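For reference, the structure discussed in these notes is given below.
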Amino acid sequence: MKVIEHMRSAKETLLSFEILPPLKGKDIRSIYAGIDPLMEFGPSFINVTYHREEVVYKERGHGLLQKVRVRKRPGTIGICAAIKAKYEIDTVPHLICGGFSREETEDALIEMNFLGIDNVLALRGDPTKGENHFVPERDGHAHAVDMVYQIAELNRGKYLHEEEEEAAPTDLCIGAACYPEKHPEALNLATDIAYLKQKVDAGAEYLVTQMFFDVDRYFDFVGRCRNEGIHVPILPGLKPLTSLRQIAFIPKTFHVDLPEALSKELLKCRSDQDVRGVGIAWCVDQARRLRDGKAPCLHFYTMGRSEAVRQVLDQVM
Ligand code: FAD
1 MKVIEHMRSA KETLLSFEIL PPLKGKDIRS IYAGIDPLME FGPSFINVTY HREEVVYKER
61 GHGLLQKVRV RKRPGTIGIC AAIKAKYEID TVPHLICGGF SREETEDALI EMNFLGIDNV
121 LALRGDPTKG ENHFVPERDG HAHAVDMVYQ IAELNRGKYL HEEEEEAAPT DLCIGAACYP
181 EKHPEALNLA TDIAYLKQKV DAGAEYLVTQ MFFDVDRYFD FVGRCRNEGI HVPILPGLKP
241 LTSLRQIAFI PKTFHVDLPE ALSKELLKCR SDQDVRGVGI AWCVDQARRL RDGKAPCLHF
301 YTMGRSEAVR QVLDQVM
């Protein structure tokens, strides 16, 4: 079932999770171990992130370094199919422009379609390490909007090189990303929202936000989007903070602010356990306020750790 159909038939705020594929060499059972404790809360769908290959340097002795390209977390589409079969739940593979030609994008979409996956989250991806701006493949997409358009075309039966009358249309529900605190490369929130509207006009049926810690910013953002003519559901992304390391890592990596009231409490923390207590309490409050404000779905970023999300849901559901 499509994410948008879940939204349309929902009587209350839904629940969904984002998970990461396991590191290469780990078993799919590590994925199930993360999902199992969350299933009792009745999520409507599960997203699986996509990770492009990275350049790493391997020591080869005598001071020699070998440059190799590795994908540390492969298997997004296969994992989606496996989760769908095991739990009979809808899945949403993420697909990025980075590292993909348009043909490779089409192949991935065909694969999803053949596997009975009804959804895809269309993303640009970040610049690779060492690049200071995003560089598309020679025949790839420079922005997520171009991928959204390609998927919408495929849904209309328009493949890249096939004759129209021979081609079976896909029927993928298209999601896209948005940023209540603006995307880091955007000049300002207004231009970011103008580009966001292009994604919706091209065929994105719903949007998922970057994680945020200030609920007011989510509601302000939704209001601005509505004023600019974006009327699709906007799903808030939530992440409970759980470690001292995350306090520094999350604002820098995801370009989000920690509200003063939260940072005040975090600065008193001396251990991961202290942070966990503060982070979970904060996230519980966010989830309740979002639900009271009729957010369509609470979308939790598990980042490979489901225990904290479970502790939040124990108090919220
Ligand atoms: P875009 O929509 O292309 O926007 C990128 C920037 O370009 C923005 O500043 C925007 O304002 C600007 N822009 C957009 N269109 C145009 C245009 N036509 N002309 C000029 N400027 C334009 N990354 C991964 O690698 N794998 C994942 O699985 C993944 N999952 C994510 C899930 C969510 C919910 C979110 C919020 C992010 C995720 N990301 C993931 C990160 C994402 O790939 C990065 O944030 C990336 O830098 C931007 O992706 P986008 O799809 O928002 O890009």
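Residue numbers (the working numbering): 1 to 317. By construction, the Cβ of each residue, glycine as well, lies at the ideal position given by its N, Cα and C atoms. All of these numbers come straight from a predicted model, not from anything done at the bench.
Exposed or buried, what is residue 322 when buried is set at 16 or more other beta-carbons lying within 10 Å of its beta-carbon?
-> In the structure as shown, the chain starts at 1 and stops at 317, and residue 322 therefore has no counterpart that could be examined.
Express the C-alpha separation of residue 135 and residue 97 in angstroms, rounding to a whole number.
-> Numbered from 1 along the sequence shown, position 97 holds the residue referred to as residue 97. Numbered from 1 along the sequence shown, position 135 holds the residue referred to as residue 135. Approximately 10 Å, taken between the alpha carbons.
DSSP state of residue 18, grouped into three classes?
-> Position 18 of the sequence shown holds residue 18. Under the three-state reduction of DSSP, residue 18 is assigned to strand.
Among 1, 214, 213 and 221, the one whose alpha carbon lies nearest that of residue 207 = Translated into the one-based positions of the sequence shown, residue 207 becomes position 207. When only C-alpha atoms are compared, the closest one is 221.
Can you give me the start and stop residues for the alpha helix (DSSP H) that residue 69 sits inside?
-> Taking the first residue of the sequence shown as 1, we reach residue 69 at position 69. Counting along the chain, residue 69 falls outside any alpha helix (DSSP H), though it belongs to the beta strand (DSSP E) covering 65-70.
Are the beta-carbon atoms of residue 28 and residue 48 separated by less than 8 Å?
-> Taking the first residue of the sequence shown as position 1, residue 28 is located at position 28. Taking the first residue of the sequence shown as position 1, residue 48 is located at position 48. No. Outside cutoff.
Cβ neighbours of residue 100 in the same chain (closer than 8 Å, five flanking residues each side left out) = For the purposes of this step, residue 100 is taken as the residue at position 100 of the sequence shown. Cβ contact annotation for residue 100 (same chain, cutoff 8 Å, sequence separation greater than five): 108, 137, 140 and 141, in chain order.
What is the DSSP secondary structure of residue 175, reduced to helix, strand or coil?
-> Residue 175 sits at position 175 when you count from the first residue of the sequence shown. Residue state, collapsed to three classes: strand.
Would you check if the distance between the CB atom of residue 209 and the CB atom of residue 236 is smaller than 8 Å?
-> The residue given as residue 209 occupies position 209 in the sequence shown. The residue given as residue 236 occupies position 236 in the sequence shown. Taking 8 Å as the Cβ cut-off, residue 209 and residue 236 qualify as a contacting pair.
Which residues in the same chain have their Cβ closer than 7 Å to the Cβ of residue 173, if we skip the five residues on either side of it in sequence?
-> To locate residue 173, count along the sequence shown from 1; it is residue 173. 2, 3, 4, 118, 119 and 205, listed in sequence order.
In its own chain, which residues sit with a C-beta less than 7 Å from the C-beta of residue 243, not counting the 5 before and 5 after it?
-> Sequence index remark: in the sequence shown, residue 243 carries index 243 (1-based). Cβ within range, chain order: 272 and 275.
Only counting runs of 3 or more residues, tell me where the beta strand (DSSP E) segments fall wholly within the segment 1-60, in order along the chain.
-> Entirely contained in the segment 1-60, the beta strand (DSSP E) runs reaching 3 residues are, in chain order, 14-19, 45-48 and 54-59.
For residue 199, is the classification buried or exposed, using 16 other Cβ atoms within 10 angstroms of its Cβ as the cut-off for buried?
-> Counting from one through the sequence shown, the residue named residue 199 turns up at place 199. Residue 199 should be labelled buried.
Would you mind working out which of 185, 124 and 234 sits nearest residue 298, comparing C-alpha positions?
-> By 1-based counting over the sequence shown, the position of residue 298 is 298. Selection 185, 124 and 234 evaluated against residue 298 yields 234 as nearest (Cα-Cα).
Report whether the distance from the Cβ of residue 60 to the nearest heavy atom of the ligand FAD is below 7 Å.
-> Here residue 60 is taken as the residue at index 60 of the sequence shown, counted from 1. No, the Cβ of residue 60 stays beyond 7 Å of every heavy atom of the ligand FAD.
8 Å Cβ cutoff met for residue 21 and residue 76 = Walking along the sequence shown from the start, residue 21 turns up at place 21. Walking along the sequence shown from the start, residue 76 turns up at place 76. Yes, the Cβ-Cβ distance between residue 21 and residue 76 is below 8 Å.
Kindly indicate which three-state DSSP category residue 91 falls into: helix, strand or coil?
-> Translated into positions along the sequence shown, residue 91 becomes position 91. The answer is strand: DSSP assigns residue 91 an E or B state.
Residue range of the alpha helix (DSSP H) that includes residue 241 = Translated into the one-based positions of the sequence shown, residue 241 becomes position 241. For residue 241, no alpha helix (DSSP H) encloses it, and the DSSP letter there is neither H nor E.
Name the one or two DSSP bridge partners that residue 300 has.
-> For the purposes of this step, residue 300 is identified with residue 300 of the sequence shown, where counting begins at 1. Answer is 17 and 238, bridged to residue 300.
Cα-Cα separation, residue 191 to residue 184 | On the sequence shown, position 191 is the one that residue 191 refers to. On the sequence shown, position 184 is the one that residue 184 refers to. Taken atom to atom, the span from the alpha-carbon of residue 191 to that of residue 184 is near 12 Å.
DSSP state of residue 275 mapped onto helix, strand, coil | Looking up residue 275 in the sequence shown gives position 275. Helix.
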